[in-house]
Amino acid sequence: MNIAPFGTADQKREYVLRMFADTAEHYDRMNRVLSFGRDMAWRRELVERAGVSDNSTVLDVAVGTGDVALLLSERVRAGRVIGLDLSHAMLAHAADKLHRSGARQVSLIQGDGLRLPFADDAFDAVTSAFALRNVTDIEGLFAEMRRVLRPNGRLACLEISKPARPAFRRLFGLYFDGIVPVLGRTLTRNGDAYAYLPDSLNRFLTSEQVIGLLRAVGLREAGCKQLMLGTVTIYTGLK
655 MNIAPFGTAD QKREYVLRMF ADTAEHYDRM NRVLSFGRDM AWRRELVERA GVSDNSTVLD
715 VAVGTGDVAL LLSERVRAGR VIGLDLSHAM LAHAADKLHR SGARQVSLIQ GDGLRLPFAD
775 DAFDAVTSAF ALRNVTDIEG LFAEMRRVLR PNGRLACLEI SKPARPAFRR LFGLYFDGIV
835 PVLGRTLTRN GDAYAYLPDS LNRFLTSEQV IGLLRAVGLR EAGCKQLMLG TVTIYTGLK
């Protein structure tokens with residue numbers, strides 16, 4: 655489980671929903687600012703690691719404003735991409751972005767990653783970006799992702815992580831714990847959401863623990879690739 659500092663899983667779930675409803679309008683801009691413009695490159699690497707092809711059927715969990723779904727649609731021209739998110743506000747922004755792009759092979763659905771509304775063995779790949787810190791049960795999420803993957807299907811998840819090198823870890827901590835909340839308050843007038851961001855990372859699992867959960871649900875070749883000096887990590891596994 656991953657609910658601290660919330661008392662219950664339901665309390666965390668409701669907080670995350672409110673947070674994304676409040677920040678959806680600024681979400682893309684803040685991602686670009688906080689990542690120094692690198693977040694789309696990370697998403698492109700995520701899509702690369704997912705190993706999708708022209709006729710793949712792909713599920714993007716916690717689709718947010720649709721950036722990963724849009725990148726997937728560029729690879730999956732004869733197949734299908736489904737983006738799922740719990741937040742209606744985020745889905746509304748994703749729908750507008752996808753409509754403007756003309757990505758007709760992408761469908762959006764409101765739903766919970768812990769209870770995916772799909773049959774077993776339905777997808778060639780399942781992706782997610784920056785979702786792991788926000789769910790109440792990471793192992794449960796991985797189990798659901800594995801369930802809907804076809805045999806030999808690939809899971810690929812992108813998440814913020816703490817650098818391993820002590821000196822850079824301290825520098826990253828100063829930025830993430832000190833500067834990020836100030837930027838959030840200044841640019842969005844939502845200090846709570848951008849105080850939650852570093853707090854959720856400080857309470858998050860190590861890369862080794864995440865890989866352990868991938869293995870625990872039965873995924874093969876579980877591993878990770880670190881980017882940006884270890885500040886972001888892509889986790890992968892095969893069914």
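In terms of the working numbering, the sequence shown opens at residue 655 and continues consecutively. Every residue gets a Cβ at the ideal spot worked out from N, C-alpha and C, and that includes glycine.
The segment 811-821 makes contact with the segment 877-887: 3 or more CB pairs, one atom from each, lie closer than 8 Å. Residue 771: not part of any beta strand (DSSP E); DSSP gives it neither H nor E.
For residue 852, the three-state secondary structure derived from DSSP is helix.
The shortest CA-to-CA distance from residue 716 to any of 838, 691, 767 is the one to 767. In this structure residue 770 is in contact with residue 802, their Cβ atoms being roughly 5 Å apart against a cut-off of 8 Å.
Around the CB of residue 668, fewer than 16 other CB atoms lie within 10 Å, so the residue is classed as exposed.
At the C-beta level, residue 745 and residue 759 stay beyond 8 Å of one another.
In this structure, DSSP gives residue 704 a helical state, which the three-state scheme calls helix.
Residue 693 and residue 855 have their C-alpha atoms roughly 17 Å apart. When beta bridges are read from the DSSP output, residue 740 appears opposite no residue. The beta-carbon separation of residue 720 and residue 733, rounded to 17 Å, does not stay under the 8 Å limit for a contact. Here the C-alpha atom of residue 812 lies approximately 24 Å from the C-alpha atom of residue 664. For residue 683, the uninterrupted alpha helix (DSSP H) run begins and ends at 681-688, by DSSP. Remark: three or more beta-carbon pairs, one from each stretch, lie closer than 8 Å, so the segment 831-846 and the segment 675-692 are flagged as touching. Looking at the DSSP output, residue 813 bridges to 887. Taking C-beta separations shorter than 7 Å and ignoring five residues to either side along the sequence, the partners of residue 671 in its chain run 740, 741, following chain order. Here residue 848 is buried, its C-beta having at least 16 other C-beta atoms within 10 Å. In terms of Cβ geometry, residue 892 and residue 808 form a close pair [threshold 8 Å]. Per the C-alpha coordinates, the member of 684, 714, 877, 699 positioned closest to residue 735 is 714. Our two residues, residue 874 and residue 829, have alpha carbons roughly 35 Å apart in a direct line. Pairing residue 879 with residue 844, the inter-Cα distance amounts to about 32 Å.
Annotation: the continuous beta strand (DSSP E) that includes residue 877 extends over 874-881. Annotated three-state conformation of residue 695 is helix, per DSSP. Taking all protein chains in view, the Cβ of residue 675 is surrounded by fewer than 16 other Cβ atoms within 10 Å, so the residue is classified as exposed.
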